[in-house]
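Residue numbers (this note's numbering): 5 to 336.
By construction, the Cβ of each residue, glycine as well, lies at the ideal position given by its N, Cα and C atoms.
Every value quoted in this text rests on a predicted model; they were computed, and no experiment measured them.
Worksheet for the structure shown next.
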């Protein structure tokens, strides 16, 4: 129940906006709706919420909220209650003539414009602009580099850790230990067993240093450069990173290759459709701009002052943290 309440605290502003939008844009009589045979879920004064209305409002929500309402009856009940509350408040606001307040009228006009723009996009862009199978295939061929599986290596590693702030002697001793371990491996001892015995990486030690497959950009640069220079079966000399010294054994190499069309078709179709719709929208906007004059005052825009809300997550963003889980040398 508490979880439901927390989710709907986030959902409430969206529900509020949707309900206000429906309220200000439609006044429906009981008789008119009954003639359409649409089941009425709730009625507040002259306003009615039908099954069709409810479904339309839910479809306007972000996908995660749609899923919540579809899968949990309590969310449906809460959403309905919000509609009732918002409609009651809207009726009271009309009694108080708030809808005649200049500031409110301006905000209502902005909301109406947003709704009209959304409906225009739905009717004349989303519903009309489609892509054919040939267009999707052509898009794939033209942008094949975007659907390429990058080169990958499968590797194990042994980390001989050097504590933060370690002096030159500590680095030299750690490197010597790494070299000794490499000699053991070259004499035939199993690299994985050596990792279990000697590695200081708690995240991979018990797996014999197994890192699995990884592409470029996943590891810190020094580690990546060494790993991608090795052939299957080869073991690197000690590689220095901020964590200490690493021995790397590459087990397999996968060359870069384009992903088969049938494996990415749905993604390609979505991207091709988005681009085609965007081009159509830009064309329509260009035609409309020729009819209606547009003036933009950048100097006035510079005068806008917006304070960062208190508790904003922007203040808590972190930069590169230097390492991965359990000491594994991951980058971003």
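*Under a Cβ-count criterion, where at least 16 other Cβ atoms within 10 Å of its own Cβ denotes burial, should residue 57 be classed as buried or exposed?*
In the chain shown, the residue the question calls residue 57 occupies position 53. The residue in question, residue 57, is buried, as its Cβ has 16 or more Cβ neighbours within 10 Å.
*How would you call residue 228, buried or exposed, if buried means at least 16 neighbouring beta carbons within 10 angstroms?*
Walking along the chain shown from the start, residue 228 turns up at place 224. Buried: at least 16 other Cβ atoms inside 10 Å.
_Give me, in chain order, the residues of the same chain whose beta-carbon lies closer than 7 Å to that of residue 139; leave out the 5 immediate sequence neighbours on both sides._
Position 135 of the chain shown, counted from the first residue, corresponds to residue 139. Same-chain partners within the cutoff: 276.
*Across which residues does DSSP place residue 339 in a beta bridge pair?*
Because residue 339 is not part of the residues shown, which for the chain are 5 to 336, the question remains open.
*The alpha helix (DSSP H) spanning residue 104 covers which residue range?*
Counting from 1 along the chain shown, the entry for residue 104 is found at position 100. No alpha helix (DSSP H) holds residue 104; DSSP gives it neither H nor E.
*Extent of the continuous alpha helix (DSSP H) to which residue 292 belongs*: The sequence position of residue 292 within the chain shown is 288, counting from 1. Residues 265 to 295.
*So what does DSSP say about residue 208, is it helix, strand or coil?*
Here residue 208 is taken as the residue at index 204 of the chain shown, counted from 1. It is coil, neither helix nor strand.
_Contact set for residue 154: own chain, Cβ-Cβ below 7 Å, skip 5 residues either direction_ = Within the chain shown, residue 154 is the residue found at index 150, counting from 1. Answer for residue 154: 219, 220, 260, listed in chain order.
_Straight-line gap, residue 187 to residue 171 (C-alpha atoms, nearest Å)_ = Residue numbering aside, residue 187 sits at position 183 when the chain shown is read from its first letter. Residue numbering aside, residue 171 sits at position 167 when the chain shown is read from its first letter. Looking at the two C-alpha atoms, the distance is approximately 25 Å.
*asked:* Please give the ranges of any alpha helix (DSSP H) in the segment 81 to 136, keeping only runs that are unbroken, at least 4 residues long and fully inside the region.
replied: 106 to 125
_In the DSSP assignment, the alpha helix (DSSP H) including residue 216 goes from what residue to what residue?_
Residue mapping note: residue 216 aligns to position 212 of the chain shown, counting from 1. Premise fails: residue 216 lies in the beta strand (DSSP E), 214 to 219, not in any alpha helix (DSSP H).
*Thinking just about the alpha-carbon of each residue, which of 102, 165, 129, 44 is nearest to the one in residue 245?*
In the chain shown, counting from the first residue as 1, residue 245 sits at position 241. The candidate whose alpha carbon is nearest that of residue 245 is 165.
*Mind checking which residues open and close the beta strand (DSSP E) that includes residue 309?*
Within the chain shown, the letter at position 305 stands for residue 309. Where residue 309 is concerned, there is no enclosing beta strand (DSSP E), given that its DSSP letter is neither H nor E.
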